[in-house]
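Input: a single structure, listed below in structure tokens.
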Amino acid sequence: MRIAYNLFTQKPKEELTDFKNWTNTVQLHQGDDFLRHNGAGEMLTFSAADFEDFLEPRPDLPSGMEDDLEPVVRHLVEQRWPFRLHATYDESISRMLDVFEKVNRDIPFEGLPWFFDHCETITPKNIERVKALGGGIAIQDRMAFQGEYFVERYGAKAAELTPPIQRMLSEGVPVGAGTDATRVSSYNP
């Protein structure tokens, strides 16, 4: 078994401090072929936590999310640390991409690996924005486990393209696939 791990902030409103400490003490890709550090995420700031529960209405991220997220992303890009961010809903993805594009104007991402996790409701416009920034999308099998709840809340038509994998691939966005570990799937083989 091979495990790549990411550092996940633990303290609300102290996220930048967490990542500054880690970029000073943990060497990127430190480890071996069985356990290796892989970067930051999937939680970069608590205010940007776009967690899904398709039984509940879509969460609205707080109005200060961008102010919290920008310094963390700016620091990670300056340090050339790969990152990932949990992003289920297009409404959240749009705001996150606004932050990424702002940082990219000052400190180009240029080849820095980054990606969103999930992206069930990402729109074609935002898929193009991800591609323009050189990002990727990691999809999981959550719809196999929660699809009926998604259909009840958003309708069968919306579920037909959730997540829009074919569109991601046709746009040339790197797509990874997984199980979302034990949050969705059993750890028992």
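Residue numbers (the UniProt record's numbering): 1 to 189.
Idealized CB from N, CA, C, for every residue including glycine.
In this text the structure is predicted, and so the values were computed from the model without any measurement.
Terminal residues of the continuous beta strand (DSSP E) containing VAL175?
Within the sequence shown, numbered from 1, the residue matching residue 175 stands at position 175. Membership of VAL175 in the beta strand (DSSP E) is indicated by the continuous run 175-178.
Assigned secondary structure, ASP68 (DSSP; H/G/I helix, E/B strand, else coil):
As a first step, residue 68 must be located in the sequence shown, where it is residue number 68. Here DSSP, grouped into helix, strand and coil, assigns ASP68 to helix.
Less than 8 Å between C-beta atoms, sequence neighbours within five positions excluded: which residues of the same chain meet that for ALA138?
Translated into positions along the sequence shown, residue 138 becomes position 138. So the list reads ARG84, PHE115, PHE116, ASP117, HIS118, VAL175, GLY176, ALA177 and GLY178, once near-sequence residues are dropped.
Distance cut-off 8 Å: VAL151 Cβ against heavy atoms of the ligand GTP:
Among the components modelled here there is no ligand, and therefore nothing to report on the ligand GTP.
Please state whether the Cβ-Cβ distance between THR123 and MET143 is less than 9 Å.
Here residue 123 corresponds to residue number 123 of the sequence shown, with the count starting at 1. Here residue 143 corresponds to residue number 143 of the sequence shown, with the count starting at 1. When the beta-carbon positions are compared, THR123 and MET143 stay at least 9 Å from each other.
Is there contact here, the region 141-158 with the region 98-112, by at least three beta-carbon pairs under 8 Å?
Below 8 Å, too few C-beta pairs join the region 141-158 and the region 98-112 to call them touching: fewer than three.
Whole-angstrom Cβ separation of ASP68 and THR45, contact assumed at under 8 Å?
As a working note, residue 68 is residue 68 in the sequence shown. As a working note, residue 45 is residue 45 in the sequence shown. Contact holds; Cβ gap of about 4 Å.
From SER94 to LEU55, what distance separates their C-alpha atoms?
One-based indexing of the sequence shown puts residue 94 at position 94. One-based indexing of the sequence shown puts residue 55 at position 55. Their Cα atoms are separated by approximately 23 Å.
Expected contact under 8 Å - CB spacing of VAL72 and LEU16 to nearest Å:
Here the question's residue 72 lines up with position 72 in the sequence shown. Here the question's residue 16 lines up with position 16 in the sequence shown. Under the criterion of beta carbons closer than 8 Å, VAL72 and LEU16 qualify as touching, at roughly 5 Å.
Compare the C-beta of MET168 against all C-beta atoms of chain C and say whether one is closer than 9 Å.
Structure shown: chain C not included; a single protein chain is present.
Identify, in the order they occur along the chain, each residue of the same chain with its Cβ nearer than 7 Å to the Cβ of ASP90, setting aside the five sequence neighbours on each side.
Stepping through the sequence shown from its first residue, residue 90 is reached at position 90. THR121, ILE122, THR123 and ASN126.
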